[in-house]
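Residue numbers (the working numbering): -8 to 252. Cβ coordinates follow ideal geometry from the N, Cα and C atoms, glycine included. The structure presented is a predicted model; accordingly, all values stated were derived computationally and were not measured.
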Amino acid sequence: MGAKRGGGARLQGRRALITGAGSGIGAAVAAMFARHGAAVAGADRDAEAAAQTAGTIAAGGGRAVPITADVSVRREAEACVDGAVAALGGLDIVVNSAGVTPRYAPSDWDYERIWDWVMAVNLKGTYLVSRRAVQAMTGGGAIVNLSSIYGLVGRPMFFGTGDDPYPAGKAGVIGLTRDMANGFGARGIRVNALCPAFVLTPLTRTLTGDPAWRARMEAMQPLGRLGTAEEVAYAALFLASDEASFITGAALPVDGGYTSV
Ligand SMILES: NC(=O)c1ccc[n+]([C@@H]2O[C@H](COP(=O)([O-])OP(=O)(O)OC[C@H]3O[C@@H](n4cnc5c(N)ncnc54)[C@H](O)[C@@H]3O)[C@@H](O)[C@H]2O)c1
């Protein structure tokens, strides 16, 4: 990608696929990228949610198309990328935000099924989408993967688990990010990861909805509060833009200081 920095339209002319765009961080990224001039394909397994994000962007004068896809299924992940390329006329940016937590697994699933589900969405889905996307990024590009602080550091013991696939998957996302950064740098494709701490989205609602848990989570972040989806989206905007043109293979905490304690 050519050097084009700053200004109010930092992604002007860029074509971006955002997975998990129906909710939380992915929805905030899609809206922010569109505000900064990108044409956006917003993918989600929840068709209604994807359509709502695209509709909101279009109503605000932005360019967005919805895509329905389960990124953990190879055929759907590839069709998702191909659909974005067809709708946008190419692809410059991917943000992999589709993700799940074991907290929302159906209660009758055993630990192996939960492991497979979390790994399939959070790690394999990121891999499948990115692997297909780099084939389409003929003029260079930028991929931003949603990892987590729990890809960087261990979880506190009060979480009460020692068998949770979430941290393993998020650490895997960082490994994948580095390997893809190394492998595709020569083609002008940058690959970075974001590592948010606790952000107020539907994903964390079961925890943040409980005042005692919420207070505990806030206390772990030196800024003394939870993050917002928009604050994570700003970091994605930076990494996706040419302002980050010499940054690749990085795992950037967006954590209110969580990992500095
Ligand atoms: N919220 C946080 O505190 C936090 C912290 C660190 C990392 N993250 C990561 O950020 C990403 C976004 O999280 P969020 O808080 O916005 O969550 P969210 O639940 O608000 O949104 C996730 C979206 O992903 C979609 N999705 C789930 N499985 C999918 C699949 N198989 N295929 C396609 N779409 C799928 C959901 O339908 C949903 O719209 C996730 O990867 C999450 O692990 C979140």
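Checklist line | In chain order, each beta strand (DSSP E) run of at least 3 residues that lies wholly inside the stretch -4 to 60 | finding: 6 to 10, 30 to 35 and 54 to 59
Identify the continuous beta strand (DSSP E) that holds residue 242 and give its terminal residues.
Position 251 of the sequence shown, counted from the start, is the residue given in the question as residue 242. Here the beta strand (DSSP E) through residue 242 covers 242 to 245.
For residue 161, I'd like the list of residues in its chain whose CB is within less than 7 angstroms of its CB, leaving aside the five on either flank, ordered along the chain.
The residue labelled residue 161 in the question sits at position 170 within the sequence shown. Hits under 7 angstroms: 113, 138, 139, 141 and 142.
Only counting the same chain, and skipping five residues up and downstream in sequence, which positions put a Cβ closer than 6 angstroms to that of residue -2? On the sequence shown, position 7 is the one that residue -2 refers to. Confidence is the limiting factor: at residue -2 the pLDDT is only 49, short of 50, which leaves the residue's position unreliable, though a coordinate-based value still follows. Same-chain partners within the cutoff: there are none.
Original post:
residue 109 by DSSP, collapsed to three states: which one?
Top reply: For the purposes of this step, residue 109 is identified with residue 118 of the sequence shown, where counting begins at 1. Here residue 109 sits in helix by DSSP.
### Neighbourhood of residue 229 by C-beta distance below 6 angstroms, restricted to the same chain and skipping five residues each side
As a position in the sequence shown, residue 229 is number 238, starting the count at 1. Counting only Cβ-Cβ distances below 6 angstroms, and skipping sequence neighbours, we find 235.
Original post:
Could you give the C-beta distance for residue 168 and residue 190, rounded to a whole number, given that I count them as a contact under 8 angstroms?
Top reply: Along the sequence shown, read from residue 1 onward, the residue named residue 168 stands at position 177. Along the sequence shown, read from residue 1 onward, the residue named residue 190 stands at position 199. At roughly 19 angstroms, the Cβ-Cβ gap does not stay under 8 angstroms, so residue 168 and residue 190 are not in contact.
| field | Distance, residue 16 Cα to residue 251 Cα | value | Residue mapping note: residue 251 aligns to position 260 of the sequence shown, counting from 1. Residue mapping note: residue 16 aligns to position 25 of the sequence shown, counting from 1. Cα to Cα, the separation comes out at about 23 angstroms.
TODO: Taking only the alpha-carbon atoms, compute the straight-line gap between residue 199 and residue 205 and give it to the nearest angstrom.
DONE: Translated into positions along the sequence shown, residue 199 becomes position 208. Translated into positions along the sequence shown, residue 205 becomes position 214. Using only the alpha carbons, I get a separation of about 5 angstroms.
Let's test the definition: count the other Cβ atoms within 10 Å of the Cβ of residue 11 and tell me whether it reaches 16, buried, or not, exposed.
Walking along the sequence shown from the start, residue 11 turns up at place 20. When all chains shown are included, residue 11 counts as buried.
**Q.** Any alpha helix (DSSP H) of 4 or more consecutive residues that is wholly inside the stretch 59 to 110
**A.** 65 to 79 and 102 to 110
Would you identify the three-state DSSP class for residue 125, choosing helix, strand or coil?
In the sequence shown, the residue the question calls residue 125 occupies position 134. The answer is helix: DSSP assigns residue 125 an H, G or I state.
- request: Pick helix, strand or coil for residue 234, following the three-state DSSP scheme.
  value: In the sequence shown, the residue the question calls residue 234 occupies position 243. Residue 234: helix per DSSP, three-state reduction.
Sequence-distant residues of the same chain with beta carbon closer than 7 angstroms to residue 239, five excluded per side = By 1-based counting over the sequence shown, the position of residue 239 is 248. Excluding positions up to five away in sequence, the list reads 172, 176, 181, 182 and 183.
Near ligand 1: residue 10 beta-carbon under 8 angstroms from a heavy atom = By one-based count along the sequence shown, residue 10 stands at place 19. Yes, Cβ of residue 10 sits closer than 8 angstroms to a heavy atom of ligand 1.
Problem set entry | Three-state class that DSSP yields for residue 184 in the structure shown | Along the sequence shown, one-based indexing puts residue 184 at 193. In the structure shown, residue 184 sits in a strand (DSSP, three-state: E or B).
The beta strand (DSSP E) that contains residue 134, what's its start and end? Taking the sequence shown and counting its residues from 1, one reaches residue 134 at position 143. 132 to 137 is the extent of the beta strand (DSSP E) around residue 134.
Nearest to residue 152 by alpha carbon, out of 100, 119 and 94? Counting from 1 along the sequence shown, the entry for residue 152 is found at position 161. Measuring from the Cα of residue 152, the nearest candidate turns out to be 94.
> Roughly how far, in whole angstroms, is the beta-carbon of residue 29 from the beta-carbon of residue 5, given that I think they are within contact range, below 8 angstroms?
Replying inline: Residue mapping note: residue 29 aligns to position 38 of the sequence shown, counting from 1. Residue mapping note: residue 5 aligns to position 14 of the sequence shown, counting from 1. Their Cβ separation, rounded to whole angstroms, is 5 angstroms, which keeps residue 29 and residue 5 in contact under 8 angstroms.
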